[in-house]
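Visitor: Encoded as structure tokens, here's the structure I'll be asking about.
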Amino acid sequence: MSSVPESFRLEEARAVQRRLAQRVVERPLGEVDVVAAVDVAYEGDLAFSAAVAYSMREGRVLAAARSINKALFPYVPTLLSFRELMPMVRALLKLPAKYDVVMVDGQGKAHPYRLGIASHLGVVLDVASIGVAKSKLYGEVVGDKLIDPKDGEVIGAVVRCKKPLYVSVGHKATLEDAASLVKSLCTDSAMPLPILLAHNEANRAKRIKPKAFDKWGEAYE
């Protein structure tokens with residue numbers, strides 16, 4: 004199991020989160036056809052990330068990509084980006100299809116530092132992104148809204164698919180648009196279709212047994 008690197012400094016990570024959170028933009032998504040989604044599966048100290056591009060108009064997957072990486076950081080609540088961001092970015096950068104928005108299996112602004120992995124990814128790649136989480140990390144549920152208990156700001160929405168999902172703005176989206184898009188892609192699964200497809204693709208990648216890695220920890224294929 005990976006451990007926190009000796010060079011890691013929590014105060015520096017928090018400073019990065021605060022700085023990038025200030026760059027998050029909320030604006031209407033506009034017309035959406037192709038929805039990308041990204042997820043990560045684990046086996047031992049390996050992270051298997053997958054990205055898919057799904058066309059709502061055509062009702063099919065246009066493209067899929069994967070990346071296998073050494074897991075260089077452990078799971079720490081509120082610091083998921085430091086574990087999963089790089090594997091997710093690597094998979095997305097390999098995706099050969101253009102997309103309008105990325106759905107991320109994780110939090111966006113519904114985070115104590117307003118920078119969950121969906122926001123972190125959106126800002127770093129400068130793409131529209133939405134956080135879709137199966138569990139609540141932060142905030143109080145009031146009706147179908149997720150409220151910051153400190154200042155009363157609405158930071159997320161509860162979208163009921165098979166089970167409640169906690170949806171929040173990642174970057175370049177409004178909460179209303181994010182919730183509406185997730186709701187339109189609900190399935191009999193616990194997650195919206197694009198994330199389910201990415202989840203399945205990531206788990207299929209676990210069958211691969213990498214033999215060598217580059218200096219950044221990504222497997223050669």
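Residue numbers for the sequence shown follow the working numbering, beginning at 4 and rising by one.
We put the beta carbon where it would ideally sit given N, CA and C, even for glycine.
1. Tell me where the alpha helix (DSSP H) around D180 begins and ends.
2. Report the rounded CA-to-CA distance for S52 versus A131, giving the unit in angstroms.
3. Which residue comes first and which comes last in the alpha helix (DSSP H) that contains P97?
4. Roughly how many angstroms lie between the CA atoms of K186 and H174, to the nearest whole one?
5. Whole-angstrom Cβ separation of V170 and G134, contact assumed at under 8 angstroms?
6. Please state the DSSP three-state secondary structure of A193.
7. Determine the contact status of S122 and V43, defining contact as a CB-CB distance below 7 angstroms.
8. Closest to E204 by C-alpha separation, out of R17, R30, L168 and S70, would be which residue?
9. If you compare alpha carbons, which of F216, E156 and T81 is closest to L140?
10. At the level of alpha carbons, what is the spacing between D36 and G47?
11. Let's test the definition: count the other Cβ atoms within 10 Å of the Cβ of R63 and tell me whether it reaches 16, buried, or not, exposed.
12. Grab the span of the beta strand (DSSP E) containing L168 for me, first residue to last.
13. Give a single yes or no on whether H174 has its beta carbon closer than 6 angstroms to a heavy atom of the ligand ADP.
14. Are K97 and A68 closer than 7 angstroms when you measure CB to CB?
15. By Cβ distance below 7 angstroms, which residues in the same chain neighbour D180 in space, the five residues on each side in sequence not counted?
16. Can you tell me whether I158 is buried or exposed, with buried defined as 16 or more other CB within 10 angstroms of its CB?
17. In angstroms with no decimal places, state the Cα-to-Cα distance between H202 and K212.
Guide: On the basis of the coordinates in this document:
1. Position 177 of the sequence shown, counting from 1, holds the residue named residue 180. That run of the alpha helix (DSSP H) goes L178 to S187.
2. On the sequence shown, residue 52 is found 49 positions in, with the first residue counted as 1. On the sequence shown, residue 131 is found 128 positions in, with the first residue counted as 1. Spanning the two alpha carbons is a distance of roughly 19 angstroms.
3. As a first step, residue 97 is located in the sequence shown; it is residue number 94 there, counting from the start. Note that residue 97 is Lys in the sequence shown, not Pro. From DSSP, the alpha helix (DSSP H) with K97 extends over S84 to K97.
4. Here the question's residue 186 lines up with position 183 in the sequence shown. Here the question's residue 174 lines up with position 171 in the sequence shown. Rounded to the nearest angstrom, the two C-alpha atoms are 18 angstroms apart.
5. The count along the sequence shown starts at 1 and reaches residue 170 at position 167. The count along the sequence shown starts at 1 and reaches residue 134 at position 131. Confirmed, about 7 angstroms.
6. The residue labelled residue 193 in the question sits at position 190 within the sequence shown. A193 falls in the coil class under three-state DSSP.
7. For this step, residue 122 is matched to residue 119 along the sequence shown. For this step, residue 43 is matched to residue 40 along the sequence shown. No, they are not a contact pair.
8. To locate residue 204, count along the sequence shown from 1; it is residue 201. Taking only the C-alpha atoms, the option nearest E204 is S70.
9. Residue numbering aside, residue 140 sits at position 137 when the sequence shown is read from its first letter. It is T81.
10. Stepping through the sequence shown from its first residue, residue 36 is reached at position 33. Stepping through the sequence shown from its first residue, residue 47 is reached at position 44. Their backbone Cα atoms lie some 36 angstroms apart in a straight line.
11. What you label residue 63 is simply residue 60 of the sequence shown in a count that begins at 1. It counts as exposed.
12. On the sequence shown, position 165 is the one that residue 168 refers to. L168 -> beta strand (DSSP E) spans P167 to H174.
13. The ligand content of the structure shown is nil, which means the ligand ADP is not present either.
14. Here residue 97 corresponds to residue number 94 of the sequence shown, with the count starting at 1. Here residue 68 corresponds to residue number 65 of the sequence shown, with the count starting at 1. Yes.
15. Your numbering for residue 180 matches position 177 in the sequence shown. The answer, listed in chain order, is P31 and L32.
16. Residue 158 sits at position 155 when you count from the first residue of the sequence shown. I158 is buried by the Cβ-count criterion.
17. On the sequence shown, position 199 is the one that residue 202 refers to. On the sequence shown, position 209 is the one that residue 212 refers to. Using only the alpha carbons, I get a separation of about 18 angstroms.
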